[in-house]
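What follows is a set of notes on a single structure, which appears directly below.
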Ligand SMILES: O=C(O)CCC(=O)C(=O)O
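In full-length UniProt numbering, the protein residues as written are 1 to 342.
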């Protein structure tokens, strides 16, 4: 029998604590005149996967030779009229989804857009009941890969015409790698990424469909959930008895395709008990009208919000560099007045 020192019996049990997935990166942050501040990058080695690393052998995904599929496939949801969806449950494993949620909430600029519409002939102000953000440009233009300058997709010449009401900005590195992974797994191309942040159950999106003509006929839209679970509620536009409620959980990806947008409406209704959630939608807009529409409703002209870790909430972000410039201006003005006084 081995002899153990008496103190060993009282020592805390050493738990095999897994280090947190570290998303810090040595890649410089993404910068662009359209970003209010630089947007942190993700590590180049980050592997988007439904399976955590410990499920893999030497960092490589399990192959089907191990008797396990490399990635968890989607559930097919087409058992209702005109419904054509895939539900990846999950698409990203829980640990990655959680860290990505915290990263994006901390690093992205957000907006609380207000806009005016005519409702039944009356001018009405709408306050968007959630935080939003947006990156991308429609298929008629591209961003120069080095300078971020907007170019015509065909001629590769400067493309300002048609964007008078908005300032399109490229998808930052941290979202581009995720977009490319979603493109691969859903077999579709996307040029827009819309971000929704629902701070709590009072934030919501009402019934609508993403069936604008600038998305083309029967668009494919992929929608990712990070953070808390929310109910995704759908109803058929004309078959009123056809309804569906789908809880979307951390790391899920819902792909809406075929006639889903033209025949169904979807919403994320208010829920008393719901926690914070980020939703990312990956879309492909064909025309400049799409770009103008998306920037109007997801960026707008109001203040920028940024996550405040200490306050534990989104706060209006002020550009310290601008403030400093203003302060210097005021100081110089004051000095001139003093000089004039003597
Ligand atoms: O948050 C969601 O799951 C839905 C978002 C949505 O419908 C939209 O952005 O159009």
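Think of the CB as a built atom: it goes at the ideal place given N, C-alpha and C, for glycine as much as any other residue.
Requested in this report: Find the nearest neighbour of residue 319 within the set 248, 38 and 18, judged by alpha-carbon distance.
Outcome: Check the Cα spacing between residue 319 and each of 248, 38 and 18: the tightest is with 38.
Requested in this report: Would you mind stating whether residue 109 and residue 163 have Cβ atoms separated by less than 8 angstroms?
Outcome: A distance of 8 angstroms or more separates the beta carbons of residue 109 and residue 163.
Query - residue 322 burial status per 10 Å Cβ neighbour count (16 or more: buried) - result: exposed
Query raised in the report: In whole angstroms, what is the alpha-carbon distance linking residue 71 and residue 186?
Result: C-alpha separation (whole angstroms): 13 angstroms.
Query raised in the report: Where do the N-terminal and C-terminal ends of the alpha helix (DSSP H) with residue 298 fall, by residue?
Result: 288 to 298
Query raised in the report: How many whole angstroms separate the CB atoms of residue 264 and residue 236, which I take to be in contact at a CB cut-off of 8 angstroms?
Result: 6 angstroms
Query raised in the report: With respect to 7 angstroms, is the separation between the Cβ of residue 223 and the closest non-hydrogen atom of ligand 1 below this value?
Result: Relative to ligand 1, residue 223 has its C-beta within less than 7 angstroms of a heavy atom.
**Report entry** Nonlocal neighbours in the same chain, by C-beta distance under 6 angstroms from residue 82, ignoring five residues either side
**Finding:** 259 and 263.
**Report entry** Helix, strand or coil at residue 152 according to DSSP, with G and I counted as helix
**Finding:** strand
Query raised in the report: Using the beta-carbon count (16 or more within 10 Å), is residue 196 buried or exposed?
Result: Buried: at least 16 other Cβ atoms inside 10 Å.
**Report entry** Contacting residues, own chain, Cβ-Cβ under 8 angstroms from residue 329 (five flanking each side not counted)
**Finding:** none
Query - N-terminal and C-terminal residue of the alpha helix (DSSP H) that residue 313 is part of - result: Per DSSP, residue 313 belongs to no alpha helix (DSSP H); it is in the beta strand (DSSP E), 313 to 316.
Requested in this report: Return yes when the Cβ of residue 225 is within less than 8 angstroms of the Cβ of residue 249, no when it is not.
Outcome: yes
Report task. From the DSSP output, in three-state form, read off residue 55 for me. Result -> Its pLDDT being 44, under 50, residue 55 is placed unreliably by the model, and nothing is read from it.
Query - ligand 1 heavy atom lying under 7 angstroms from the CB of residue 110 - result: Between ligand 1 and residue 110, a heavy atom-to-CB distance of less than 7 angstroms is absent.
**Report entry** Per-residue DSSP class, three states only, for residue 118
**Finding:** strand
**Report entry** Member of 234, 134, 138 and 201 whose CA lies at the smallest distance from the CA of residue 272
**Finding:** 201
**Report entry** Status (buried if at least 16 other CB within 10 Å, exposed otherwise) for residue 124
**Finding:** exposed
Query raised in the report: How about residue 129 and residue 204: do their beta carbons lie closer than 8 angstroms?
Result: yes
**Report entry** Separation of residue 106 from residue 314, as counted between CA atoms
**Finding:** 9 angstroms
Query raised in the report: In whole angstroms, what separates the C-alpha of residue 246 from that of residue 234?
Result: 8 angstroms
Query raised in the report: CB-CB under 6 angstroms to residue 210, same chain, minus the five flanking residues each way: which ones, in chain order?
Result: 221 and 261
Requested in this report: Would you kindly report the start and end of the unbroken alpha helix (DSSP H) that includes residue 260?
Outcome: 260 to 263
**Report entry** Heavy atom of ligand 1 within 7 angstroms of residue 266 beta-carbon
**Finding:** yes
Query raised in the report: Where does residue 302 land, buried or exposed, given buried means 16+ other C-beta within 10 angstroms?
Result: exposed
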